[in-house]
Amino acid sequence: MFVSIPNLLMDSLPRNGISAGLVQFQPFGTMNAYGFPNRSLLLLLWFPLFKCADTFNGAQKCFFRCISGCLVTAENATDKSCWKKCKDLNPAKTLEAVSGIHVKEEDLKIILVFQPVRYAYMYIAQYKGASEADFISDRFQISLLPNIEINRPRSIFCESVTIRVAAVSSDGTSPFSKPFSISAPLPPISLKLEVSELVYVPNPLNNDPYTANGTVEITFTFNAGGWALGLQDLEVTPMLLLDQCEGMDAYQSVNVPSFTQGLMSGTVIGRVGSDTMYRECTFAYYAKKVTSRLCRTSTEIRPIHHQAPKKILISWSFLDTSILFIYSFYHSHRSFPCCLKNA
Numbered sequence: 001m002f003v004s005i006p007n008l009l010m011d012s013l014p015r016n017g018i019s020a021g022l023v024q025f026q027p028f029g030t031m032n033a034y035g036f037p038n039r040s041l042l043l044l045l046w047f048p049l050f051k052c053a054d055t056f057n058g059a060q061k062c063f064f065r066c067i068s069g070c071l072v073t074a075e076n077a078t079d080k081s082c083w084k085k086c087k088d089l090n091p092a093k094t095l096e097a098v099s100g101i102h103v104k105e106e107d108l109k110i111i112l113v114f115q116p117v118r119y120a121y122m123y124i125a126q127y128k129g130a131s132e133a134d135f136i137s138d139r140f141q142i143s144l145l146p147n148i149e150i151n152r153p154r155s156i157f158c159e160s161v162t163i164r165v166a167a168v169s170s171d172g173t174s175p176f177s178k179p180f181s182i183s184a185p186l187p188p189i190s191l192k193l194e195v196s197e198l199v200y201v202p203n204p205l206n207n208d209p210y211t212a213n214g215t216v217e218i219t220f221t222f223n224a225g226g227w228a229l230g231l232q233d234l235e236v237t238p239m240l241l242l243d244q245c246e247g248m249d250a251y252q253s254v255n256v257p258s259f260t261q262g263l264m265s266g267t268v269i270g271r272v273g274s275d276t277m278y279r280e281c282t283f284a285y286y287a288k289k290v291t292s293r294l295c296r297t298s299t300e301i302r303p304i305h306h307q308a309p310k311k312i313l314i315s316w317s318f319l320d321t322s323i324l325f326i327y328s329f330y331h332s333h334r335s336f337p338c339c340l341k342n343a
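Here UniProt numbering is used: position 6 in the sequence shown is 6, and no number is missing along the way.
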């Protein structure tokens, strides 16, 4: 269960990063509010106080102890009812530091799991990007349970992230845990490319010493695989491996395929010589590498033995003096005529 400091604290503030600390972060700053139905100025007491220190100062401790008590005991809290509960707080106790922190990334979310702290009502995870010298006030996430999810904000999406965690109750707070870092995100991708189009282009293909009278263009499509920056940010390099050709002898060669990114997002075009259609060549293909344009990070993909790459057959026949291509996928019972570009 993820919560915010009561969103009764939010109305008087502009809809910007200042109020972001009160909500569960979503990609690129969209916000989902949690907590209380009413709103107020209490955040103004909080915002100037959150500085880079190893523990909370006196004002911070008082503030979080107050909020912790309201979160736990009052479903429909208001400013008045919260402050009534907080005006006579006992001297603060020091809680045990958060320990046993385990980190994993899932769908570009940073997920923290740690040991529960005795007497703690809630936990605060504060984070900063590699370009930020100090922890700042609007980068934190709160949970009532000893696990927290953090979505990388767009402004620091491509950076490594440093995180620290503290425990809070109405009786006191813990010091922050030792900061730890999460590396910059790598773009994910499925091993499965799809062939959307196979076209004959009557332009010679020259790659010394290899030459062909025409070119076969293979258009591959791929999806973003949950990548928050979208298809337009991704560049994919396929691997196209010659499997076999009919009637090919040991002295014949086939050109190494070349690739360019397609004009449409999520496409990449491979080119092979037209002799592959006369020889009825079969190629295996899969995504070899995916690169983020913005982050300048890449993921290398290796085929898994139990997930064999798909195969494509490039064949030809003469029909009304037009060249007709047929492509088919192994392990499938379908074959489709492809688009043509005739001389």
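All residues carry an ideal CB built from backbone N, CA and C; glycine is no exception.
Return the chain-ordered ranges of every beta strand (DSSP E) run that is complete within the region 226-284 and spans a minimum of 3 residues.
234-244, 258-261 and 267-273
Any contact between the region 168-175 and the region 267-279? By contact I mean 3 or more CB pairs, one from each, below 8 Å.
Result no; under three Cβ-Cβ pairs closer than 8 Å.
Going by beta carbon distance, what residues of the same chain come within less than 6 Å of Arg164, once the five residues before and after it are set aside?
Gln126, Phe176, Ser177 and Pro179
What do you reckon, are the CB atoms on Leu95 and Val117 nearer than 7 Å?
Result yes, Cβ atoms of Leu95 and Val117 sit closer than 7 Å.
Could you spell out the range, first to last residue, of the beta strand (DSSP E) harbouring Ala167?
Segment Val161 to Val168, the beta strand (DSSP E) holding Ala167.
Reference Phe64, options Ala120, Val98 and Gln115, closest by Cα
For the residues Ala120, Val98 and Gln115, the minimum Cα distance to Phe64 belongs to Ala120.
Roughly how many angstroms lie between the CA atoms of Asn90 and Lys61, to the nearest whole one?
Asn90 and Lys61: Cα-Cα distance of roughly 12 Å.
Keeping to the same chain, check which residues put their C-beta closer than 7 Å to that of Gly226; ignore five residues upstream and five downstream.
Asp107, Leu108 and Pro188
C-beta atoms of Ala161 and Val236 nearer than 7 Å
Note on residue identity: the sequence assigns Val, not Ala, to residue 161. Not in contact: Val161 and Val236 (Cβ atoms no closer than 7 Å).
Are the beta-carbon atoms belonging to Pro309 and Ala287 less than 7 Å from one another?
no
Thinking C-beta only, is Thr282 closer than 7 Å to Leu313?
yes
Can you name the residues that DSSP bridges to Gly69?
DSSP lists no beta-bridge partner residue for Gly69.
Take Phe157 as the anchor and find which of Leu294, Lys311, Trp316 and Ile301 has the nearest alpha-carbon.
Leu294
Suppose you measure from the CA of Thr221 to the CA of Val168; what does that come to, to the nearest Å?
Rounded to whole angstroms, the separation of the alpha carbons of Val168 and Thr221 is 49 Å.
Three-state secondary structure (DSSP) at Ser99?
coil
Can you tell which of Gly230, Lys93 and Ile111 has the C-alpha that lies nearest to the C-alpha of Ser265?
Gly230
Span of the beta strand (DSSP E) around Glu220
With the sequence shown as reference, residue 220 is identified as Phe, and Glu is not the correct amino acid for it. Run containing Phe220: Thr215 to Thr221, per the beta strand (DSSP E) assignment.
For Gly129 and Gln115, which I take to be in contact (beta-carbon distance under 8 Å), what is that distance rounded to the nearest angstrom?
Rounded, the Cβ-Cβ distance is 27 Å, inconsistent with contact.
Between the Cα of Ala228 and those of Ser292, Glu217 and Asp243, spot the shortest distance and give me the residue it belongs to.
Ser292
I need the DSSP call for Thr314, collapsed to helix, strand or coil.
This sequence places Ile at residue 314; Thr is not what is there. Looking at Ile314 - three-state DSSP - the assignment turns out to be coil, as it is neither helix nor strand.
Through-space distance from Ser143 to Ile111, alpha-carbon basis
12 Å
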